[in-house]
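Just below is one structure, and these are the notes that go with it.
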Amino acid sequence: MCDKKLKKYYELLEININATLSEVNRAFERMKELYSTDSIATIPIDDEFSKEERKRILKKINKAYSKIGTHIIEKKKKKKLISEHDKISEKKERSITISGSIIQQVREIQGISLLELSKITKISKQILEDIELENYEKLPPEVYLMCHITNYTKFLSIDSTKAANDYMKHYKKWKKKSKKEV
Amino acid sequence: MKSEIWAIGGGKGGTGKSIITTTLGIYLANHGKKVSLIDADLGGANLHSFLRIKKPKKSLTDFFEKKSPLNEIIIKTGVPNLQLIVGDINTFNPTSIKYTQKLKFFRHIISINSEFILIDLGAGTHLNTIDSFLLADKKIVVTVPQITSIENSYNFIKKVLFRKINRILRDHQLKDVARDAWKNRNVNEIKNIKTFLYYLKKSSNQIKNLIDKELKNFKIDIILNQVRDHNDIEIGFSIKSLLIKYLGIDVNFSGYIKYIDSFWDYYNGSQTHTSNKNILSTPLLNKDTHGLVNNLVEDKQLNLFNP
Ligand SMILES: Nc1ncnc2c1ncn2[C@@H]1O[C@H](COP(=O)(O)OP(=O)(O)OP(=O)(O)O)[C@@H](O)[C@H]1O
Ligand SMILES: [Mg+2]
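Keeping their order, the protein sequence lines are chains V and R. Residues in the first sequence are numbered consecutively from 11, following my numbering. Residues in the second sequence are numbered consecutively from 17, following my numbering.
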């Protein structure tokens with residue numbers, strides 16, 4: 011992403027370009043609340059600063075937030091990827107079938123929390139957790155699941171096609187088995 | 017030496033402008049800065065009282081009525097490095113200052129020999145108040161987390177911005193453009209300051225560039241006073257954000273000051289404060305002030321992550 015655009019996004023969230031992820035999250039939560047509800051700060055200019063206009067701002071804020079989030083996580087990843095851990099995990103990735111626990115390991119190595127990821131990917135934290143723990147029975151229908159895994163693993167720089175294929179293979183096995191049991 | 021002028025205003029009465037001006041002044045003076053306070057609250061001057069000065073011999077009345085220059089009516093306070101120009105206490109009617117007097121007043125302010133000049137503007141949105149505010153390098157709006165005070169602050173800032181835009185255009189021989197736009201505001205669909213700005217910027221590229229350039233250096237600093245809890249502090253961030261997004265101007269939320277229960281004990285000479293009676297201070301001088309002044313001096317935002 012080009013710097014100028016990125017700067018605009020930071021400006022929209024009214025934070026410094028060096029803000030940490032938790033500062034970004036805080037600013038986002040604050041603004042989401044401010045521009046979607048009435049408060050003693052908004053009521054005095056309610057008639058001039060209409061709800062529609064505030065909604066438009068909210069949309070921009072949402073976009074800025076996801077761009078900044080992605081940017082920060084990419085940065086984090088770049089830093090960590092160079093480390094040996096990741097070389098190992100890359101090797102692992104090629105030779106090993108990618109499962110929930112592998113995804114979890116890679117995520118933890120990169121120092122990204124489920125909550126952070128959930129905010130960025132817009133996949134609920136619960137689903138992400140269920141993917142990692144292979145709580146197959148709790149997972150959403152196949153088409154959605156496939157999408158989620160692709161999106162999720164993309165963020166972790168895992169080969170997302172392989173990840174989705176591997177994961178779905180296991181998933182389907184489990185599904186067959188559980189059907190038989192019924 | 018070019019002094020840095022801070023103006024403290026904000027529309028609503030009783031929000032704490034005077035006590036904050038005093039507190040900031042004492043803080044800066046205690047840190048070795050040469051500071052002059054000017055009590056420009058022409059209706060209700062009281063900085064001298066917060067500094068425990070009983071019967072000031074000289075005041076702004078002398079400037080306006082006897083034509084004494086400002087540097088002759090400035091008086092010492094009990095705080096080293098801190099000087100004060102006492103406001104007009106009784107006789108003066110603020111609305112009667114003539115334009116030439118006002119210009120003279122501004123000229124004299126700029127020539128005061130200090131590192132910092134802090135002007136307490138008092139309440140209200142009189143043109144004299146707005147013009148003094150615009151004169152300052154740092155334009156500080158004091159508000160409290162209450163709807164009436166917030167509303168007054170918005171109105172104050174809108175008036176300041178309106179005046180600023182008119183002056184930008186006037187200074188570039190474009191006075192008529194602003195006047196005509198406003199006069200025909202019904203036809204031009206100008207409903208408020210925002211649509212006014214929008215209309216002007218759309219009218220020509222020259223005007224757009226001019227306004228953009230001049231407003232780049234236009235910045236408001238917000239101080240939130242009488243804060244009682246964490247939710248109150250959040251209101252400061254809300255006010256800041258709304259002003260930025262609605263008016264498109266630069267706004268800093270510089271900091272907050274807590275509500276002090278024992279405020280008046282401090283001045284009424286209660287036993288708890290007798291120990292440091294000889295050292296001039298204010299009930300607001302505490303560690304929050306430290307962060308606030310730092311943010312003001314360094315032009316930074318309040319950051320709750322590393323206070
Ligand atoms: N942080 C605070 N905690 C408790 N009380 C406060 C605080 N700040 C201000 N006050 C109260 O508000 C009163 C008004 O303060 P101050 O005179 O500084 O306001 P002002 O904005 O200058 O008012 P005016 O508009 O009338 O000039 C104080 O006398 C005090 O009682
Ligand atoms: Mg006052």
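Heads up, the beta-carbon is just placed ideally off N, CA and C, and yes, glycines get one too. No experiment lies behind these values; they were computed from the predicted model shown.
Next on the checklist: Closest to aspartate 281 of chain R by C-alpha separation, out of R:Pro299, R:Glu167, R:Thr39 and R:Lys218, would be which residue?
Outcome noted: R:Pro299
Item to check | Integer-rounded CB distance, given that lysine 50 of chain R should sit under 8 angstroms from asparagine 97 of chain R | outcome: 5 angstroms
Next on the checklist: Only counting the same chain, and skipping five residues up and downstream in sequence, which positions put a Cβ closer than 8 angstroms to that of lysine 217 of chain R?
Outcome noted: Ile223, Lys224, Ile227 and Asp228
Next on the checklist: Check for me: the beta strand (DSSP E) holding alanine 29 of chain V runs from which residue to which?
Outcome noted: Taken as a continuous stretch (DSSP letters only), alanine 29 of chain V belongs to no beta strand (DSSP E), as it is neither H nor E.
Checklist entry - Looking only at its own chain, which residues have a Cβ that is under 8 angstroms from the Cβ of leucine 296 of chain R, when we skip the five neighbours before and after it? => result Ile42, Leu67, Arg68, Thr93, Gly94 and Val95
Checklist entry - Would the beta-carbon of leucine 300 of chain R be found less than 7 angstroms away from any heavy atom of ligand 1? => result yes
Next on the checklist: Beta-carbon within less than 6 angstroms of glutamine 162 of chain R's beta-carbon, same chain only, minus the 5 sequence neighbours each way: which residues are those?
Outcome noted: none
Checklist entry - List, in order along the chain, the chain V residues whose C-beta lies closer than 7 angstroms to that of lysine 210 of chain R? => result Glu58
Checklist entry - Does DSSP put tyrosine 272 of chain R in a helix, a strand or coil? => result strand
Checklist entry - Looking only at its own chain, which residues have a Cβ that is under 6 angstroms from the Cβ of serine 291 of chain R, when we skip the five neighbours before and after it? => result Note on serine 291 of chain R: pLDDT 47, under 50, position unreliable in the model; the coordinate value appears next. Cβ neighbours of serine 291 of chain R beyond the five flanking positions: none.
Checklist entry - Within the chosen definition, does the segment 176–188 of chain R reach the segment 142–160 of chain R through at least 3 CB pairs nearer than 8 angstroms? => result yes
Item to check | chain V contact residues for lysine 5 of chain R, given Cβ-Cβ distances below 7 angstroms | outcome: Because chain R is modelled from 17 through 323, residue 5 of chain R falls outside the range shown and cannot be assessed.
Item to check | chain B residues whose Cβ lies nearer than 8 angstroms to that of isoleucine 50 of chain V | outcome: The question asks about chain B, but that chain is absent: this structure's protein chains are V and R.
Item to check | Residues in the segment 11–37 of chain V having any Cβ partner in chain R nearer than 7 angstroms | outcome: Glu24 and Glu33
Checklist entry - Using DSSP with H/G/I as helix, E/B as strand and the rest coil, what is serine 291 of chain R? => result Only weak support is given to the placement of serine 291 of chain R: the predicted model assigns it a pLDDT of 47, under 50, and the value that follows is read from those uncertain coordinates. The answer is helix: DSSP assigns serine 291 of chain R an H, G or I state.
Next on the checklist: Comparing C-alpha positions only, which one of R:Gln242, R:Ser278, R:Ser257 and R:Asn284 sits nearest to glutamate 24 of chain V?
Outcome noted: R:Ser257
Checklist entry - When you compare only the Cα positions, how much space is there between tyrosine 215 of chain R and asparagine 310 of chain R? => result 38 angstroms
Next on the checklist: Suppose you measure from the CA of isoleucine 24 of chain R to the CA of aspartate 13 of chain V; what does that come to, to the nearest Å?
Outcome noted: 37 angstroms
Checklist entry - Three-state secondary structure (DSSP) at glycine 103 of chain R? => result coil
Next on the checklist: Please list, in chain order, the chain V residues whose beta carbon lies closer than 7 angstroms to that of serine 257 of chain R.
Outcome noted: Glu24, Met41 and Leu44
Next on the checklist: From the DSSP secondary-structure annotation, give me the bridge partner or partners of aspartate 266 of chain R.
Outcome noted: R:Lys235
Item to check | Sequence-distant residues of its chain with Cβ nearer than 8 angstroms to lysine 191 of chain R (five each side left out) | outcome: Asn182 and Leu185
Next on the checklist: What residue range does the beta strand (DSSP E) around glutamate 58 of chain V cover?
Outcome noted: Where glutamate 58 of chain V is concerned, there is no enclosing beta strand (DSSP E), given that its DSSP letter is neither H nor E.
Checklist entry - Any chance the CB of leucine 33 of chain R is under 7 angstroms from a heavy atom of ligand 1? => result The residue you asked about is not leucine; residue 33 of chain R is lysine in the sequence shown. Yes, the beta carbon of lysine 33 of chain R sits closer than 7 angstroms to at least one heavy atom of ligand 1.
Next on the checklist: Would you say isoleucine 53 of chain V lies against chain R (beta-carbon separation less than 8 angstroms)?
Outcome noted: yes
Next on the checklist: Against chain V, which members of the segment 170–185 of chain R pass a CB distance test of less than 7 angstroms?
Outcome noted: Tyr170
Item to check | Endpoints, alpha helix (DSSP H) assigned at threonine 77 of chain R | outcome: 76–82
Next on the checklist: Between aspartate 136 of chain R and leucine 53 of chain R, how many whole angstroms is the CB-CB distance? I'm expecting something under 8 angstroms.
Outcome noted: 7 angstroms
Checklist entry - Considering only C-alpha positions, which residue in the set R:Arg201, R:Phe79 and R:Phe234 is nearest to lysine 114 of chain R? => result R:Phe79
Checklist entry - In or out: histidine 64 of chain R buried (at least 16 other Cβ within 10 Å) or exposed? => result buried
Next on the checklist: Taking the beta strand (DSSP E) that leucine 53 of chain R belongs to, which residues open and close that run?
Outcome noted: 51–55
Checklist entry - Expressed to the nearest angstrom, what Euclidean distance is found between the alpha-carbon atoms of histidine 246 of chain R and alanine 37 of chain V? => result 15 angstroms
Next on the checklist: Between which residues of its own chain and isoleucine 108 of chain V is the CB-CB distance below 7 angstroms, once the five residues before and five after are set aside?
Outcome noted: Ile168, Lys172, Ala173, Asp176 and Tyr177
Checklist entry - With DSSP run on the structure shown, which of helix, strand or coil describes glutamine 136 of chain V? => result helix
Item to check | glycine 32 of chain R - DSSP class collapsed to helix/strand/coil | outcome: coil
Checklist entry - Sorted by chain position, which residues of the same chain lie with C-beta nearer than 7 angstroms to threonine 80 of chain V's C-beta, five sequence neighbours on each side aside? => result Ile130
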